[in-house]
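Novice: If you read the sequence shown in our numbering, its first letter stands for residue 834, the second for the next number, and so on.
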Amino acid sequence: MFQKILIANRGEIALRVLRACKELGIQTVAVHSTADADAMHVRLADESVCIGPPAAKDSYLNVPSLLSACEITGADAVHPGYGFLSENARFAEILTEHGVHFIGPKPEHIRLMGDKIEAKRTAQKLGIPVVPGSEGALKSDQDALAVARDIGFPVLVKAAAGGGGRGMKVADTAADLPVALATARAEAKAAFGDDAVYLEKYLATPRHIEIQVLGDGRGNAIHLGERDCSLQRRHQKVLEESPSPALNASARAEIGEIVAAAMRQIKYLSAGTVEFLYQDGRFYFIEMNTRIQVEHPVTEMITDIDLVLEQIRVADGAALAIDQKDVEFHGHAIECRINAENPVSFRPSPGRIVHYHPPGGMGVRVDSAAYQGYAIPPYYDSLLGKLIVHGKTRGECLMRLKRALDEFVVDGVETTLPLFRALVRDKDVLDGAYHIHWLEAFLASGGLEE
Ligand code: MV4
């Protein structure tokens, strides 16, 4: 087993990884920018190394600096968390070249799933249902028109190097297509340096349902159920839950087994998430994330499986200790991503936390690196913490979530807590009757001001 793990991240996920390391008796190295010297993960780690000034490009994305930190501390593995270098195949390779283990998927799978066209082609070959569309990148506007006529309008033009909603354009009719193509290509070129685009049938009101997988890189892989992440704003997830209100046990088992079999076939290593759109009872693969995700605690609460701990185990070459038949789903879990932002404008609200009182009690988990007196820096994302609540049923979970939200005190910065207090009182949310555009419509209709 690893002796010392360097955690190449910050905030709540750095703390989350640190906790798993400590439970495995592994030494921890925290890295931090000059802006994060007072961060909780730095205080709790066995060692810490300052890796640069606040800007991510000079610190958390600074590969030479991270390598030096490994060298100085003798870390034998790195956990990248999410974001930053977590899906950078070259970083994973460089670590391996320097004799340091990367706690994550194989670089070949990171690279494969980073190309949305190759990812989709691979999914199709593995028997995973995909959205009807072009065979790979579009060669010309004529090619695009032929495909669009074949699959039917409306269609969506997507950037091959995209993801997370960047470089997507809808075309409702043939007349709209040339502009959609040109705009998507230009945006993709500007954002990713690659103007390759592909076409898909546009699904107007889908849910976003993702399947958690775990593999040991030797051909064993399991699925850990789904998370419904449909409540999102501008491609930022706001609330996630499992099980999805839209799925029954047979739909869950069917898509779960298709995905797990696919992961076994490619000998996937580590945690991963296969993302689908779900509409009219059908799943459509859109992309795969080769990292631990922000919302992983939702799955942990209903399966009692520590995903980060399992990531560390398989990274060290251990076979998966869990068989699919051992995976049991119990109860219901909901996660609220609480941001230090204005709850109406979503403008970031960094600053010092004057009072901080997180909720507790049965089935309540708060994953946060915040503390009373902590100064939230303005340089990074505004995630203050995640409130994850578990109940025997969705109804019990919602009641407990409402109680926990009312108990949560954060003074000194603005937070999105009021948004969640409104959502857990909304009929559509209580009924689970929402899709990926619901929250933006709720906010646009002044849902929060009422
Ligand atoms: C789609 C779609 C509708 N039809 N593909 C957004 C980012 C990336 N995950 C793919 N996305 C979408 N792809 C087809 N064929 C709608 C979206 C989409 C979306 C997907 C999941 C969660 C939130 C979303 C918000 C806007 C659009």
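Cβ atoms here follow ideal geometry from the backbone N, Cα and C, with glycine treated the same way. Fair warning: this is a prediction, and the values are worked out from it, not measured in the lab.
For the putative contact between I840 and H931, defined by C-beta atoms under 8 Å, what is the C-beta separation to the nearest angstrom?
Specialist: At roughly 17 Å, the Cβ-Cβ gap does not stay under 8 Å, so I840 and H931 are not in contact.
Novice: Kindly list the residues whose CB is nearer than 6 Å to the CB of H1129, restricted to its own chain and excluding five residues on each side of it in sequence; keep chain order.
Specialist: L1140
Novice: Could you compute how far the alpha carbon of G985 sits from the alpha carbon of S898?
Specialist: Each residue's CA atom was taken as its position, placing G985 and S898 some 51 Å apart.
Novice: Beta strand (DSSP E) containing D1049: first to last residue?
Specialist: First-last of the beta strand (DSSP E) with D1049: R1040 to D1049.
Novice: Where does the unbroken alpha helix (DSSP H) through K1002 begin, and where does it stop?
Specialist: Element bounds for K1002: not the alpha helix (DSSP H) but the beta strand (DSSP E), R999 to A1004.
Novice: With DSSP run on the structure shown, which of helix, strand or coil describes L1238?
Specialist: In the displayed model, L1238 falls within a helix according to three-state DSSP.
Novice: Helix, strand or coil: which one does DSSP assign to R1066?
Specialist: strand
Novice: How should D1200 be labelled, buried or exposed, when 16 other C-beta atoms within 10 angstroms of its C-beta is the threshold for buried?
Specialist: In the assembly as shown, D1200 is a buried residue. Its beta-carbon has 16 or more other beta-carbons within 10 Å.
Novice: Please confirm whether H1223 and G1265 have their CB atoms less than 8 Å apart.
Specialist: no
Novice: Roughly how many whole angstroms lie between the Cα atoms of D871 and T1106?
Specialist: 32 Å
Novice: Below 8 Å CB to CB, which residues in the same chain sit around P965 once its five sequence neighbours on both sides are set aside?
Specialist: I984, E1033 and K1034
Novice: I need the straight-line Cα distance from G907 to R1097, nearest angstrom please.
Specialist: In a straight line, the C-alpha of G907 is about 33 Å away from that of R1097.
Novice: Since V1285 and R1233 are thought to touch, with beta carbons under 8 Å apart, how far apart are those beta carbons, to the nearest angstrom?
Specialist: Outside the displayed span of the chain (834 to 1283) sits residue 1285, for which this structure offers no information.
Novice: Among all the DSSP beta bridges, which residues are the ones paired with H912?
Specialist: I840
Novice: Determine the closest residue to K1225 out of T1248, P1076 and A888, with distance taken between C-alpha atoms.
Specialist: P1076
Novice: Between N1122 and the rest of its own chain, which residues show a CB-CB distance below 6 Å, the 5 nearest in sequence each way excluded?
Specialist: T1106
Novice: In chain order, what residues of the same chain have a beta carbon less than 7 Å from the beta carbon of E1283, not counting five sequence neighbours either side?
Specialist: The predicted position of E1283 is uncertain, since its pLDDT is 47 and thus under 50; a value taken from the coordinates is nonetheless stated next. Excluding residues within five positions, none has a Cβ falling inside 7 Å.
Novice: So does the region 853 to 870 actually touch the region 879 to 887, counting three or more Cβ pairs closer than 8 Å?
Specialist: yes
Novice: Could you check what DSSP says for F1116 in three-state terms: helix, strand or coil?
Specialist: strand
Novice: Can I1088 be considered in contact with the ligand MV4, in the sense that its beta carbon sits closer than 7 Å to one or more heavy atoms?
Specialist: no
Novice: Can you list, in chain order, the residues of its chain with a C-beta nearer than 7 Å to that of V1092? Leave out the 5 residues immediately preceding and following it.
Specialist: Within the same chain, I961, I1044, V1046, H1056 and V1107 come within 7 Å of V1092 by CB-CB distance, once the 5 residues on both sides are set aside.
Novice: Between the Cα of I884 and the Cα atoms of A902, P1191 and V875, which residue gives the shortest distance?
Specialist: The residue with the shortest Cα to Cα distance from I884 is A902.
Novice: Report all residues from its chain with a CB closer than 6 Å to the CB of A1208; omit the five preceding and five following residues, and keep chain order.
Specialist: R1185
Novice: Is the beta carbon of E1168 closer than 8 Å to that of V1131?
Specialist: yes
Novice: Quick check: the Cα distance between D948 and R982, rounded to an integer number of angstroms?
Specialist: 25 Å
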